[in-house]
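Following our numbering, the numbering of the sequence shown begins with 22 at its first residue and continues without gaps. Ideal Cβ placement from N, Cα and C applies to all residues, glycine included.
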Amino acid sequence: MRKALALVLGRPQLRSADLAAEHGLGASAASNLLRQLAQGGYVLRQPSTAASGGIEYAYSRIG
Numbered sequence: 022m023r024k025a026l027a028l029v030l031g032r033p034q035l036r037s038a039d040l041a042a043e044h045g046l047g048a049s050a051a052s053n054l055l056r057q058l059a060q061g062g063y064v065l066r067q068p069s070t071a072a073s074g075g076i077e078y079a080y081s082r083i084g
């Protein structure tokens, strides 16, 4: 979880697909990890519309 938090804090924003690709995680595992960080109040979770028409979340530093 610390590595994921460090990645989010070091970038303007991070998607779960980025985390999964860079650290060899499954998409679900990366999404769950980032969601836990957001629920814990460590990062901001912002929804947007994905190219497929679904909802995609971007995670970023708070403030």
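Rounded distance between the beta-carbons of residue j and residue i, thought under 8 angstroms
i	j	result
Thr40	Leu28	As written in the sequence, residue 40 is Leu, which differs from the Thr given in the question. With 8 angstroms as the limit, Leu40 and Leu28 qualify as a contact, their Cβ atoms being about 6 angstroms apart.
Gln34	Tyr80	7 angstroms
Among the options, the one whose alpha carbon lies nearest that of residue i
i	options	result
Ala50	Tyr63, Gly61, Arg36 and Gly62	Arg36
Arg23	Gly47, Ala48 and Gly61	Gly61
Ile76	Ala59, Gly47, Leu46 and Arg66	Arg66
Per DSSP, cross-strand counterpart(s) of residue i
i	result
Arg66	Tyr80
Leu35	Tyr80
Per-residue burial, residue i [other beta carbons within 10 Å of its own, 16 or more giving buried]
i	result
Ala3	A query on residue 3 cannot be resolved here, the shown segment of the chain reaching from 22 to 84 and no further.
Ala71	exposed
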